[in-house]
Structures are given as C-alpha cells and as structure tokens.
Amino acid sequence: MTPTLAEAAEQLIAAGCGSIHVVPLFLGAGGHVRKDLPELLDRFALHHAHVKFQVHAAIGEVEEVVEAMARAALALCDRAPDETD
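Take a look at the structure:
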C-alpha cells in the first residue's frame, strides 16, 4: 500500500507530529506485527528520538471488528448460493 509506513511516518514527522499512533491493518498479530513492525519502529526511534511511536493492537483483534466480521460471515451464510461472490 502507499504510502508505506516509512513514507507516512516521514511525512508526519516533517509536518511536526511528535506522536504517531500505529494501528496495524492485519487480522491478527502475526510475524509482521510481532517482529517486523517493532524493528521498523526501533529504526525510526533511532533517527527521530523526539517522536513517540505507539503501536496498538492489530485491527482484527479489536472486539468491534471481530463482531463486525462475525455478522458479515453470518449474513453470507444466510444468502442463497447464487447470491454470493
């Protein structure tokens, strides 16, 4: 996706942001969230010590998102076979 996290962070820092919240748009906290993301943010922190980076839970682990996905799955199950994609 564009912008990349690095590009977005640089844009926010250039705009004067001192705090950046990162919400991983993944269904769960797999390898990217547990390993790659912290390493990337550690590199940002080395170059931008004045900026606070806060990582939140993966979006797919947020209760409201889980409930919405469950409702959508149930709605799909209620459709006739020829109505699904």
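For the sequence shown, our numbering assigns the number 1336 to the last residue and increments by one with no breaks.
Think of the CB as a built atom: it goes at the ideal place given N, C-alpha and C, for glycine as much as any other residue.
For a cut-off of 8 Å, the C-beta gap from V1302 to I1271 is around 6 Å, short enough to register as a contact. Going by C-alpha positions, A1280 is about 14 Å away from V1317.
In this model, A1326 and A1260 are separated by some 38 Å (Cα to Cα).
Going by C-alpha positions, A1321 is about 13 Å away from L1278. If you compare the alpha carbons of E1258, R1294, H1283 and A1300 with that of G1269, the shortest gap goes to A1300. When M1252, A1319, A1308 and C1328 are compared, the shortest CA-CA separation from V1284 is found for A1308.
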